[in-house]
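Counting from 1, position 80 in the sequence shown corresponds to residue 79 in numbering that gives the first Met the number 0; the numbering is continuous, with no gaps. Ideal placement from N, C-alpha and C gives every residue a C-beta, glycine not left out.
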Amino acid sequence: MYAIIATGGKQYRVAEGDLIRIEKLEADVGSTVDFDRVLMVGEGEDVRVGAPLVDGGKVTATVESHGRGDKVHIIKFRRRKHHRKQMGHRQYYTAVRITGIAG
């Protein structure tokens, strides 16, 4: 069974046992998190699509860790103008393991 959830402005396809990195959540490591914005739940030919959310759909997960992603380099350069601007960014994330899908 799999589901499509929305969190942090993005959508993720998840199944039980998956480890995904999502936008940072304010939750302690080892605690459980419920995602109630479930857009679709399916298994084989049996697929339920919400309009926009599935009624009674819920995905539970446990928080594995918090961290920061790889550095993304941002370079702005204008040739022949003596202009160069260089920056970097590391996005915070929360790694969660999916433990249950209901819907």
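Is the separation between the beta-carbon of residue i and that of residue j shorter than 8 Å?
i	j	result
residue 24	residue 37	no
residue 56	residue 101	yes
residue 21	residue 8	no
residue 90	residue 74	no
Have a look at residue i and residue j and give me their C-alpha separation to the nearest angstrom.
i	j	result
residue 3	residue 26	21 Å
residue 80	residue 68	33 Å
residue 58	residue 51	16 Å
residue 107	residue 70	For residue 107 there is no data in the structure shown, the boundaries of the chain being 0 and 102.
residue 72	residue 83	13 Å
residue 49	residue 29	30 Å
residue 92	residue 44	33 Å
Kindly indicate the opening and closing residues of the beta strand (DSSP E) around residue i.
i	result
residue 45	45 to 48
residue 81	Neither: residue 81 is in no beta strand (DSSP E) and is coded neither H nor E.
residue 96	91 to 101
residue 66	57 to 67
- Query: Counting pairs of Cβ atoms below 8 Å between the segment 90 to 101 and the segment 47 to 65, do you hit three or more?
  - Reply: Taking 8 Å as the limit for Cβ pairs, the verdict is that the segment 47 to 65 does touch the segment 90 to 101.
- Message: I'd like the ranges of any beta strand (DSSP E) spanning at least 3 consecutive residues and lying wholly in the segment 5 to 42.
- Response: Taken in chain order, the unbroken stretches of beta strand (DSSP E) that lie wholly in the segment 5 to 42 and span 3 residues or more are 9 to 14, 18 to 22, 31 to 34, 37 to 42.
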